[in-house]
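Enquirer: Here it is, the structure, as structure tokens.
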Amino acid sequence: MHGPGIKPKAPRIHDSVPHAVVAISRHTDSCVYYTDINDDAVSKIIRRALGEGEQGILDYNLKMGVKNRDAPVVGALLGGDGS
2 MHGPGIKPKA
12 PRIHDSVPHA
22 VVAISRHTDS
32 CVYYTDINDD
42 AVSKIIRRAL
52 GEGEQGILDY
62 NLKMGVKNRD
72 APVVGALLGG
82 DGS
């Protein structure tokens with residue numbers, strides 16, 4: 002139910018970080034995200050990314066690639082083949 006003074010309830014899928022990552026990662030060029038719920042997982046990820054510089058995002062991706070032993074990701078970020 003929507004109306005003055007009534008806060009819409011977020012469906013549980015909107016709080017799922019894995020679903021949010023998949024949704025965002027499908028947009029490789031640009032993305033416009035419209036929502037009336039500003040504290041869902043997608044909104045939080047977007048706000049956090051906007052607060053980081055490009056180097057901060059690259060450093061985080063490299064750290065996660067190393068942590069997960071993801072050679073293709075590490076290689077792409079370092080400009081090599083990851084081996």
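Position 17, counted from 1, in the sequence shown is what the numbering used here calls 18; the numbers after and before it change by one each time, with no gaps.
Each residue gets a CB set at the ideal place from its N, CA and C atoms; glycine is no exception.
Remember, predicted model here, so these are calculated numbers, not experimental data.
#1: For residue 42, which residues from the same chain have a beta carbon less than 8 Å from its beta carbon, with the 5 sequence-adjacent residues on both sides left out?
#2: In the DSSP assignment, the alpha helix (DSSP H) including residue 64 goes from what residue to what residue?
#3: To the nearest angstrom, report how far apart residue 59 and residue 78 are at their CA atoms.
#4: Give the DSSP-derived three-state secondary structure of residue 38 in the structure shown.
#5: Whole angstroms is fine: what's the gap from residue 8's alpha carbon to residue 36's?
#6: Could you work out which residue in 49, 71 and 72 is closest to residue 25 when comparing CA atoms only?
#7: Go ahead and label residue 66 buried or exposed: buried means 16 or more other beta carbons lie within 10 angstroms of its beta carbon, across all protein chains shown.
Expert: Straight from the coordinates:
#1: As a first step, residue 42 must be located in the sequence shown, where it is residue number 41. Once the five neighbours on either side are set aside, the close Cβ partners of residue 42 are 15, 16, 17, 18, 20 and 21.
#2: Numbered from its first residue, the sequence shown carries residue 64 at position 63. Here the alpha helix (DSSP H) through residue 64 covers 55 to 68.
#3: Taking the first residue of the sequence shown as position 1, residue 59 is located at position 58. Taking the first residue of the sequence shown as position 1, residue 78 is located at position 77. For residue 59 and residue 78, the distance between alpha carbons rounds to 7 Å.
#4: Your numbering for residue 38 matches position 37 in the sequence shown. Correct three-state label for residue 38: coil.
#5: Taking the first residue of the sequence shown as 1, we reach residue 8 at position 7. Taking the first residue of the sequence shown as 1, we reach residue 36 at position 35. Between the alpha carbons of residue 8 and residue 36 lies a distance of about 12 Å.
#6: In the sequence shown, residue 25 corresponds to position 24, counting from 1. Selected option, being the one with the closest Cα: 49.
#7: Along the sequence shown, read from residue 1 onward, the residue named residue 66 stands at position 65. That one is buried.
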